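The following block contains the structure:
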């Protein structure tokens, strides 16, 4: 009699990433019952926020907002990450995953700083302290500042970034570059598309939504682009480094 193992056949790094991300989501739900918000400690806050801690640049990529957020990221990690780990090996895949994940939040933070800078030049220190000290509490009860500048600054300072999406977009980029002509089946609409066109299209959409910055859009589009950008740079570096020895 064979024992069924649901994680059997998944390479070790992808398997452990799936486990860690899932355990942290359940841990977040469990701690909420004790009035402890794990996101305050592991999600990434804007540097300058009273909730910011340096380790959040790494830990935020293992946190998720809810089950659907976790599912879609982990599904993409499972579908594409296991192929890359099989091709590269565990060490190189883990390096790539971490570089793209951290690179994603670095670009997101840079864009946030660019958006916050002109506001910071036009408000008083007292107004800034009001955002830092009371802004998060206002957001928790569904409120924000009436002043548009303070409202925008509050969202930058006090809404944490969580999720593995940056690393996942890096994985999608790598898959598209390594297997450009592999056909993927879209869900909406249900048509086949080559991996290279899928990646290009996704990147263009993320850039559009990131620049458009639609009201109510809480997706960190530039974090997704950051994962793709750092992934592209790393892949080019590895290729150039390899060519030195051949």
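In the numbering used here, the protein residues as written are -3 to 242. Ideal Cβ placement from N, Cα and C applies to all residues, glycine included. These numbers were taken from a predicted model, which means no experiment stands behind them.
Run of the beta strand (DSSP E) containing residue 32, from where it starts to where it stops: The residue you call residue 32 lines up with position 36 of the chain shown. Neither: residue 32 is in no beta strand (DSSP E) and is coded neither H nor E.
Which term fits residue 89, buried or exposed, when burial requires 16 or more other beta carbons within 10 angstroms of its beta carbon? Position 93 of the chain shown, counting from 1, holds the residue named residue 89. So residue 89 counts as buried.
Using DSSP with H/G/I as helix, E/B as strand and the rest coil, what is residue 0? Start at 1 with the first residue of the chain shown, and residue 0 comes out as number 4. With a pLDDT of 41 at residue 0, under the threshold of 50, the predicted position of this residue should be treated as unreliable, and no value is reported.
Residues near residue 107 by beta carbon distance below 6 Å, same chain, minus five either side: One-based indexing of the chain shown puts residue 107 at position 111. 218, listed in sequence order.
With DSSP run on the structure shown, which of helix, strand or coil describes residue 188? Along the chain shown, one-based indexing puts residue 188 at 192. Reduced to three states, the DSSP call for residue 188 is strand.
Using a 10 Å radius around the Cβ and a threshold of 16 neighbouring Cβ atoms, would you call residue 50 buried or exposed? Against the chain shown, residue 50 aligns to sequence position 54. Exposed, by the Cβ-count rule.
Can you tell which of 105, 185, 190, 28 has its C-alpha closest to the C-alpha of residue 153? Taking the first residue of the chain shown as 1, we reach residue 153 at position 157. Nearest option by C-alpha distance: 105.
Residues in the same chain with beta-carbon distance under 7 Å from residue 94, minus the five sequence neighbours each way, listed in chain order, please. If you number the chain shown from 1, residue 94 lands on position 98. Within the same chain, residue 94 has no close Cβ partners at all.
Nonlocal neighbours in the same chain, by C-beta distance under 8 Å from residue 233, ignoring five residues either side: Residue numbering aside, residue 233 sits at position 237 when the chain shown is read from its first letter. Excluding residues within five positions, none has a Cβ falling inside 8 Å.
Pick helix, strand or coil for residue 43, following the three-state DSSP scheme. Within the chain shown, numbered from 1, the residue matching residue 43 stands at position 47. Looking at residue 43 - three-state DSSP - the assignment turns out to be strand.
Whose CA, out of 31, 180, 109, 78, lies closest to the CA of residue 243? Since the displayed the chain opens at -3 and closes at 242, residue 243 lies outside it and no answer follows.
What's the C-alpha gap between residue 21 and residue 98? Residue numbering aside, residue 21 sits at position 25 when the chain shown is read from its first letter. Residue numbering aside, residue 98 sits at position 102 when the chain shown is read from its first letter. Their backbone Cα atoms lie some 19 Å apart in a straight line.
Minimum C-alpha distance to residue 132 - residue among 12, 223, 235, 46: Residue mapping note: residue 132 aligns to position 136 of the chain shown, counting from 1. Ranked by how close their Cα comes to the Cα of residue 132, the residues 12, 223, 235, 46 have 46 in first place.
Unbroken beta strand (DSSP E) run spanning residue 181, endpoints: Counting from 1 along the chain shown, the entry for residue 181 is found at position 185. 179 to 181 is the span of the beta strand (DSSP E), which, as asked, contains residue 181.
Span of the alpha helix (DSSP H) holding residue 137? Stepping through the chain shown from its first residue, residue 137 is reached at position 141. Segment: none, residue 137 is in no alpha helix (DSSP H) and carries neither H nor E.
Report all residues from its chain with a CB closer than 8 Å to the CB of residue 27; omit the five preceding and five following residues, and keep chain order. Looking up residue 27 in the chain shown gives position 31. So the list reads 33, 34, once near-sequence residues are dropped.
Let me know the alpha helix (DSSP H) ranges lying completely inside the region 155 to 180, each 4 residues or longer, listed in chain order. 161 to 174
Between the Cα of residue 200 and the Cα atoms of 224, 118, 11, which residue gives the shortest distance? Taking the chain shown and counting its residues from 1, the one referred to as residue 200 is at position 204. Here the closest residue by C-alpha is 224.
Rounding to the nearest angstrom, what Cα-Cα distance links residue 236 and residue 24 in this structure? Counting from one through the chain shown, the residue named residue 236 turns up at place 240. Counting from one through the chain shown, the residue named residue 24 turns up at place 28. Roughly 42 Å between the two C-alpha positions.
Report the rounded CA-to-CA distance for residue 31 versus residue 79, giving the unit in angstroms. Here residue 31 refers to the residue found at position 35 of the chain shown. Here residue 79 refers to the residue found at position 83 of the chain shown. When rounded, the distance between both Cα atoms is 40 Å.
CA-to-CA distance, residue 60 to residue 118, given in whole angstroms: By one-based count along the chain shown, residue 118 stands at place 122. By one-based count along the chain shown, residue 60 stands at place 64. Looking at the two C-alpha atoms, the distance is approximately 34 Å.
So, are the CB atoms of residue 191 and residue 165 less than 8 Å apart? The residue labelled residue 191 in the question sits at position 195 within the chain shown. The residue labelled residue 165 in the question sits at position 169 within the chain shown. Cβ atoms of residue 191 and residue 165: not closer than 8 Å.
Which value, in whole angstroms, describes the spacing of the CA atoms of residue 86 and residue 193? Reading the chain shown from its first residue, position 90 is the one you call residue 86. Reading the chain shown from its first residue, position 197 is the one you call residue 193. Cα-Cα distance, rounded: 27 Å.
Reduced DSSP category for residue 8 - H, G, I as helix; E, B as strand; rest coil: Residue numbering aside, residue 8 sits at position 12 when the chain shown is read from its first letter. Of the three classes helix, strand and coil, the one that applies to residue 8 here is helix, per DSSP.
Run through DSSP, which three-state label would residue 13 get? Numbered from 1 along the chain shown, position 17 holds the residue referred to as residue 13. If DSSP states are grouped into helix, strand and coil, residue 13 belongs with the helices.
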